[in-house]
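First up is the structure itself, then whatever we jot down about it.
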Amino acid sequence: MAAPWNTEAIDSQFKVVTPENIAFNYQVAGPFRRLLAFLLDLFIRAAVMLAAFIVIMLMGVGNLFVGAGLEDLLAAIGTMAAFFFNWFYMAAFEYWWNGTTPGKWLLNLRVTTDDGEPINAFQSAVRNLFRYVDMWPMVPLPFAWMREEMYDGPIVLTFLFALLVPIFNRRFQRIGDLIAGTMVVIEDRSWLMKIAKIEDDRARLLADYIPPNFVAPRSMVKAVATYVERRRYFTTARRREIARHLAEPLLEKFGLPTDTSYDLLLCALYYRTFLSRQSSDGTSDDNELLQNPAQSLTYGQPSAPVSAGTK
Numbered sequence: 511m512a513a514p515w516n517t518e519a520i521d522s523q524f525k526v527v528t529p530e531n532i533a534f535n536y537q538v539a540g541p542f543r544r545l546l547a548f549l550l551d552l553f554i555r556a557a558v559m560l561a562a563f564i565v566i567m568l569m570g571v572g573n574l575f576v577g578a579g580l581e582d583l584l585a586a587i588g589t590m591a592a593f594f595f596n597w598f599y600m601a602a603f604e605y606w607w608n609g610t611t612p613g614k615w616l617l618n619l620r621v622t623t624d625d626g627e628p629i630n631a632f633q634s635a636v637r638n639l640f641r642y643v644d645m646w647p648m649v650p651l652p653f654a655w656m657r658e659e660m661y662d663g664p665i666v667l668t669f670l671f672a673l674l675v676p677i678f679n680r681r682f683q684r685i686g687d688l689i690a691g692t693m694v695v696i697e698d699r700s701w702l703m704k705i706a707k708i709e710d711d712r713a714r715l716l717a718d719y720i721p722p723n724f725v726a727p728r729s730m731v732k733a734v735a736t737y738v739e740r741r742r743y744f745t746t747a748r749r750r751e752i753a754r755h756l757a758e759p760l761l762e763k764f765g766l767p768t769d770t771s772y773d774l775l776l777c778a779l780y781y782r783t784f785l786s787r788q789s790s791d792g793t794s795d796d797n798e799l800l801q802n803p804a805q806s807l808t809y810g811q812p813s814a815p816v817s818a819g820t821k
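So that you can map any letter, position 24 of the sequence shown is 534 in our numbering, and since no number is skipped, the others follow by simple counting.
Below, the structure written as structure tokens:
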């Protein structure tokens, strides 16, 4: 059973250590930046629905494009479409766009799990369902559905919970985030990495010995990509030191000799992951970009090993 992920909070920075012993830093998005992203999405939704309403009105006016008596049907269809669009806009975008919406994308925000992993459809639906709960202004006690003449007791200002909950937890999670196990982080897009070229032919040969059914976890792919991109700046000894933490368990998993070069193994895994498919498809990797594959990989974190000397 894989070891659980460990997290450590440092102000708005969170360090996540994966079961592969790889550390990532995430910066949690504050409430004001998230509010601005929400307002941008709200504006986009309003603009789309307004455009759809205008089209429906034009189709109905004078029965230019539809037969007489279908105006009510058009209005009903438009109302239903607006309802579903408004309800599923956020959840659908966050699921299909890997945690972003147009508003979040414009502000470099992304929804992840508490462990920094991509969210699933259930988590996206839950966090957005509770968004509407957060927006309820008030609820009378004991029952929200009792008429005023039937109940004259205290009223709970539920919107205050929505305002206070993000402020008093370290990850600025609203109620929906706490229930769904998600958080909103700031995505670093300050640099792009080119697909690195593997000059050593031994890495390509070693890639053939990696089991074909092995699928590297997302966190491992990030770490290997960052390591290969930056390895040219390291000495041989430093490569071995950095790569050892990840390569040693891989050698055992793949059944390779223990004296296999750590550096070479990571290069082989990189080649198998990013380059072998391009080579088989006959496509060029010169212009391919790998965007931010390691999201603030911390210095000295467990990464794939590089062997010294003959390694």
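In this text, a Cβ means the ideal position worked out from N, Cα and C, and glycines have one as well.
Item                                                                                                                                                                         : Value
Kindly confirm or deny that the region 761-772 and the region 730-741 touch, where touching means at least three C-beta pairs closer than 8 Å.                               : no
Taking the CB atoms as reference points, tell me whether G609 and R620 lie closer together than 7 Å.                                                                         : yes
Touching or not, the region 773-781 and the region 712-721, by the rule of three or more beta carbon pairs under 8 Å?                                                        : yes
Using 10 angstroms around the beta-carbon of L568, count the other beta-carbons present and answer buried if the total reaches 16, otherwise exposed.                        : exposed
When you compare each of T783, A557 and R641 to V725 by their alpha carbons, which one comes out closest?                                                                    : T783
For my contact list, V675 and R684 are in at a C-beta cut-off of 8 Å; report their separation, rounded to the angstrom.                                                      : 6 Å
With DSSP collapsed to three states, give me the class of Q805.                                                                                                              : Summary for Q805: the model assigns pLDDT 36, below 50, so the residue's position carries little reliability, and this model does not support an answer.
Is the region 585-592 close to the region 626-634, with three or more CB pairs under 8 Å?                                                                                    : no
Is the beta carbon of R740 sitting closer than 7 Å to the one on R749?                                                                                                       : no
Check L619 in the structure and name its three-state DSSP category.                                                                                                          : strand
Pull the bridge partners of P628 from the DSSP assignment, please.                                                                                                           : T622
Please state if the CB of L716 and the CB of L756 are separated by a distance shorter than 7 Å.                                                                              : no
Please identify the residue among Y772, I689 and G691 whose C-alpha is closest to the C-alpha of L760.                                                                       : Y772
Which partner residues of I689 appear in the DSSP bridge assignment?                                                                                                         : In DSSP, I689 forms no bridge with anything.
Leaving out five residues on either side along the sequence, give the residues of the same chain with a beta carbon under 7 Å from the beta carbon of N797.                  : With a pLDDT of 40 at N797, under the threshold of 50, the predicted position of this residue should be treated as unreliable, and no value is reported.
Cα separation between E751 and V738?                                                                                                                                         : 14 Å
If we count the other Cβ atoms within 10 Å of its Cβ and call it buried at 16 or more, is R728 buried or exposed?                                                            : exposed
I'd like to know whether the C-beta of A602 is nearer than 7 Å to at least one C-beta of chain C.                                                                            : Note that chain C does not occur in the displayed structure, where there is just one protein chain.
Per DSSP, what kind of secondary structure is V643 in: helix, strand or coil?                                                                                                : helix
In angstroms with no decimal places, state the Cα-to-Cα distance between L560 and D551.                                                                                      : 14 Å
Go ahead and label A654 buried or exposed: buried means 16 or more other beta carbons lie within 10 angstroms of its beta carbon, across all protein chains shown.           : Unreliable placement is indicated for A654, whose pLDDT of 48 sits below 50; the coordinate value is still reported in the next sentence. So A654 ends up on the exposed side.
Between the C-alpha atoms of S634 and F678, what's the straight-line distance to the nearest angstrom?                                                                       : 23 Å
Apart from the five residues on each side of it in sequence, which residues of its chain come closer than 8 Å, Cβ to Cβ, to D711?                                            : none
Count the other C-beta atoms from every protein chain shown that fall within 10 angstroms of the C-beta of V636, then say buried if there are 16 or more, exposed otherwise. : buried
Along the chain, which unbroken stretches of the beta strand (DSSP E) at least 3 residues long are found entirely within the region 707-743?                                 : none
Compute the beta-carbon to beta-carbon distance between S600 and N638, rounded to the nearest angstrom, for a pair I have assumed lies under 8 Å.                            : It should be pointed out that residue 600 corresponds to Met in this sequence rather than to Ser. About 5 Å; that satisfies the 8 Å criterion.
What's the gap between the Cα of Y605 and the Cα of A747?                                                                                                                    : 42 Å
On the criterion of 16 or more Cβ atoms from any shown chain inside 10 Å, does V695 qualify as buried, or is it exposed?                                                     : buried
Given a threshold of 16 other Cβ atoms within 10 Å of its Cβ, counted over all protein chains shown, does V565 qualify as buried or as exposed?                              : exposed
Would you give the residue range spanned by the alpha helix (DSSP H) that F764 belongs to?                                                                                   : T746 to F764
Which value, in whole angstroms, describes the spacing of the CA atoms of R714 and R754?                                                                                     : 20 Å
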